[in-house]
Amino acid sequence: MQIISGTTDFRITEKTAVAIGKFDGLHLGHRKLLGEIIKEKEKGLKAAVFTFDPSPEIFFGMNPSRELSTNAEKRELFEEIGIDILVEFPFNRETAATSPEDFVTKILCGRMNAGFVAAGSDLSFGAKGKGNFALMSSLAKELGFEARRIDKIERNGKVISSTLIRSLVEEGNMEEAAACLGAPYRITGKIVHGRALGRRIGIPTLNQIPPTDKLLPPFGVYYSEVKADGKLYKGMTNIGIKPTVTEEHKITVETYLFDFSGDLYGEFADVRLLTFRRPEARFHDIAELKSTMEKDIRAGRIYHGLE
């Protein structure tokens, strides 16, 4: 996948099918939208995603919420889906002042070389968000590209949105979040050295420091799957501050892999949270911590179908 980031000085030479959006979380609604541009590849168009970096909400200080997907996670997901070109277009005061008409003519047609554009029914673009899908459709007829509106998806009577999924993650409802996302909620990061306490008590773990802009579920233990070094492992993940062993209040993501004895330090791991097991707790001593973890592991083996 080609990534164009941090510059407005580019022009894609091949005709593209473009999906426009923020794509936080890449939920089922986003996947439906992206599916439309993937289909256009059969007609010889390149599947391209156009998104702003930072998002207008963050640039204007309107969105204090942490992200469902970091840029790195989005890039990985786009590549998995089959996107050919990702454009992370710089959003600044000049971009914010671009008229809706100039956005379509100079950016979508000029720089993106769009032959097809797919966007959600709530599309807004251009200065002060004055552009909408009706304007996009009108300009498409004038400029010779196809514009297609993609309706939202509902689940259990609710529109699937990043806002809905954010609330599910904050509740720790990982099963319903996964149902809306189309995949388990993930936390991606480099495996770093920790205190090695787990190794000393016979329960070695992988340690990650989550990105500061990443939305985390409630502190606690989750059963998980972990993709690392090109393989998929079954795991058990603790998210929190490890109050039994430290007073630093530093948030870590710590994962035990079932039936694993290798070394993954320095690798990037993709931790996928499947279900909530229990809240994080402060134990009286290390012995009580170990005993509880052993119970978690036994229950986890059953959950993962390992026994």
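Heads up, the sequence shown stops at 1487 in the working numbering, and the numbers go up one at a time, no gaps.
Ideal placement from N, C-alpha and C gives every residue a C-beta, glycine not left out.
{"Check": "Give me, in chain order, the residues of the same chain whose beta-carbon lies closer than 6 Å to that of E1447; leave out the 5 immediate sequence neighbours on both sides.", "Outcome": "I1371, A1408, D1409"}
{"Check": "Is the segment 1214-1228 touching the segment 1350-1370, taking contact as three or more C-beta pairs under 8 Å?", "Outcome": "no"}
{"Check": "DSSP on R1291, reduced to helix/strand/coil?", "Outcome": "helix"}
{"Check": "To the nearest angstrom, how far is it from the Cα of A1276 to the Cα of T1231?", "Outcome": "13 Å"}
{"Check": "Considering only residues of the same chain and omitting the five flanking positions on each side of V1284, which have a CB-CB separation below 6 Å?", "Outcome": "L1319"}
{"Check": "Assuming L1213 is part of the alpha helix (DSSP H), what are its boundary residues?", "Outcome": "1208-1220"}
{"Check": "Out of curiosity, what's the CA-to-CA distance linking T1455 and H1464?", "Outcome": "26 Å"}
{"Check": "Look at the alpha carbon of G1400 and the alpha carbon of M1292, and state the distance between them as a whole number of angstroms.", "Outcome": "44 Å"}
{"Check": "Please name the residue, chosen from F1313, I1383, D1189, that lies closest to E1268 on a Cα-to-Cα basis.", "Outcome": "D1189"}
{"Check": "Going by other Cβ atoms of all chains shown within 10 Å of its Cβ, with 16 needed for buried, is I1482 buried or exposed?", "Outcome": "exposed"}
{"Check": "Cα-Cα, which of D1282, M1416, A1298, E1274 is closest to G1209?", "Outcome": "A1298"}
{"Check": "Straight-line CA distance for L1480 to A1227?", "Outcome": "Inspection of the sequence shows that residue 1480 is occupied by Gly rather than by Leu. Approximately 40 Å between the Cα atoms of the pair."}
{"Check": "Can you tell me which of Y1402, I1381, K1430 puts its alpha carbon nearest to the alpha carbon of P1391?", "Outcome": "K1430"}
{"Check": "I want to know whether the segment 1249-1265 touches the segment 1188-1206 - three or more CB-CB distances under 8 Å.", "Outcome": "yes"}
{"Check": "Identify, in the order they occur along the chain, each residue of the same chain with its Cβ nearer than 8 Å to the Cβ of E1326, setting aside the five sequence neighbours on each side.", "Outcome": "G1295, F1296, V1297, A1320"}
{"Check": "In chain order, which alpha helix (DSSP H) runs of at least 4 residues are fully inside the segment 1369-1431?", "Outcome": "1377-1380"}
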